[in-house]
Every structure is written in structure tokens, then in C-alpha cells.
Amino acid sequence: MRLLLAEDEKALSNILLTILKHDRYSVDAVYNGQDALDYLLTGNYDGAILDVMMPKMDGITVLKELRKTNKTLPVLMLTAKTEIDDKVLGLDSGADDYLGKPFDVKELLARLRAMLRRKSGQADNTLKFQDVTLDLSTFELSSPRGVFRLSSKEFQMMAMLMDRGKVVSAEQFMEKIWGYESETESNVVWTYISYLRKKLAELTDKVQIRAIRNIGYTLEENNG
-12 MRLLLAEDEK ALSNILLTIL KHDRYSVDAV YNGQDALDYL LTGNYDGAIL
38 DVMMPKMDGI TVLKELRKTN KTLPVLMLTA KTEIDDKVLG LDSGADDYLG
88 KPFDVKELLA RLRAMLRRKS GQADNTLKFQ DVTLDLSTFE LSSPRGVFRL
138 SSKEFQMMAM LMDRGKVVSA EQFMEKIWGY ESETESNVVW TYISYLRKKL
188 AELTDKVQIR AIRNIGYTLE ENNG
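Per my numbering: the sequence shown ends with 211, consecutive numbering throughout.
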């Protein structure tokens, strides 16, 4: 999943980036409210973490502007303001959750998972397709035959394939996982698809990744 992190304290932002990327999220970081709004309006994110006190535009204003066009994007407000009135203002402005500083990293990640899970309608932390299961907490791809712990890129690609249930283009993989500003060549998608195909082949005979020429990739039942 791709997240936007808007936090003007660069030291804290760098720490959060490291933590979130270690937890298999793709993350873009911005340091002021105007950039946060500009990035969010591209529609290329699965969720956002917004600080309230930011230069150029505060987080509440960013949230209100975002909600004019996007009512459903999960947003966690991260701020030193923890008074009840401040929390109420954030939630009434469209935030899905509100976490005060200082915070425990485990709580941040748990709240983030719960928020994203609620928005996607998942009952638990797993995605399933036929006899294959992807655990969103442990990053493990499993079947009755065995288990693979996926790398960050493998995990994100498999989550997109299993969650969407439709064709995902190479461009969509690049935008969601590597980001707009990445200089990585698009053929890296094919490389990671080949890694996933090898793992799936060891786990099951029922599932395969199909390539549709000039369109993209999809997960489907293997009837061969």
C-alpha cells in the first residue's frame, strides 16, 4: 500500500519513513501542507498520515480540502495537540483516527492497519485467493504446501493483485510501489512478477499470475 506522510519535523519524518518502509509500505514524504494536498489530489494513495501543525497549510485545512473531492481516503492525524476539542475538530473535519505525540510506534502501526482494514472492508489481516493466503501482518504468502516470507516489493505487488481482483498494469505497479519520481526502469516489474510466479508454483497448482499483453497482470485460477 502507498501512503503519504506529511510531517514537517524532518527528524521525526525520517524515523517514520524507516519504520513504515520496514513494515512493507511504500511512502512519500512531504514537509508542508500545500505539498501534502497537491500529492493527495493525484489520487495515487491508499492512506495518509497528516501532522496538524505544518507550514503553508495546516493539516486540518488539508483534510477539509481533500474531503471536498475524496470522501473515503483513510487519514490518520498525527499531532502534539491532544485536547478533546482538537480531537473533535480533526474527526469532524474528516479524519479517520487521531494519535497524539509522543506515541508508541506499535500503536501507530496498529492504528494504521486497523484504519486501512476498515476502509477496505477486510474482516482480518489476510487476503485470500483460492488456497493461497497473504498475511498483511507477517508478510507471509502461504498455502497448505508451505510458507514464503515476501520481500517488501513482492509483498506489495501480491497485495495489489489479490486485493484488486482485476488487471494491474506495470504503470500502476510503478506508481504505487516505486513512486512518481523513481528512476527505476519499468522492466523491474517483470522481474518481481517472475519471483512471485516461482513462489506460487511451489505453493499451489490452483493459482497463477497471467500476463495480458500491453495491458498488465492478473491473478487467476489455473485450469491447465
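In this text, a Cβ means the ideal position worked out from N, Cα and C, and glycines have one as well.
By the criterion of a C-beta distance shorter than 8 Å, Glu94 is surrounded in its chain by Leu86, once the five residues flanking it on both sides are discounted.
For the pair Met147 and Leu28, the Cα-to-Cα distance works out to about 21 Å. The alpha carbon of Gly46 has as its nearest neighbour, out of Gly30, Asp22, Lys58, the alpha carbon of Asp22.
Under a 10 Å Cβ-count criterion, Ala35 is classified as buried, with 16 or more other Cβ atoms of the shown protein chains found around its own Cβ. When C-beta atoms of the region 125 to 143 are compared with those of the region 196 to 204, fewer than three pairs fall below 8 Å, so the two segments do not count as touching.
Secondary structure at Ala35: strand, using DSSP grouped into helix, strand and coil. Apart from the 5 residues on each side of it in sequence, Gly77 sits with its Cβ closer than 6 Å to the Cβ of Met64, Tyr85 in its chain, given in chain order. Residue pairing for Glu208: DSSP places it in a beta bridge opposite Val194.
Residue state for Ser13 is assigned as strand, using DSSP reduced to three classes. Apart from the 5 residues on each side of it in sequence, Met40 sits with its Cβ closer than 8 Å to the Cβ of Asp(-5), Gly46, Thr66, Ala67, Lys68 in its chain, given in chain order. One thing to note: Leu187 has its Cβ within 9 Å of the Cβ of Leu128. Bridge pairing for Tyr85: Met64 [DSSP].
Spatial neighbours of Phe135 in its own chain (CB-CB distance under 6 Å, excluding positions within 5 residues in sequence) are listed in chain order as Leu128, Lys186. A straight line joining the alpha-carbon of Arg54 with that of Gly81 spans about 7 Å.
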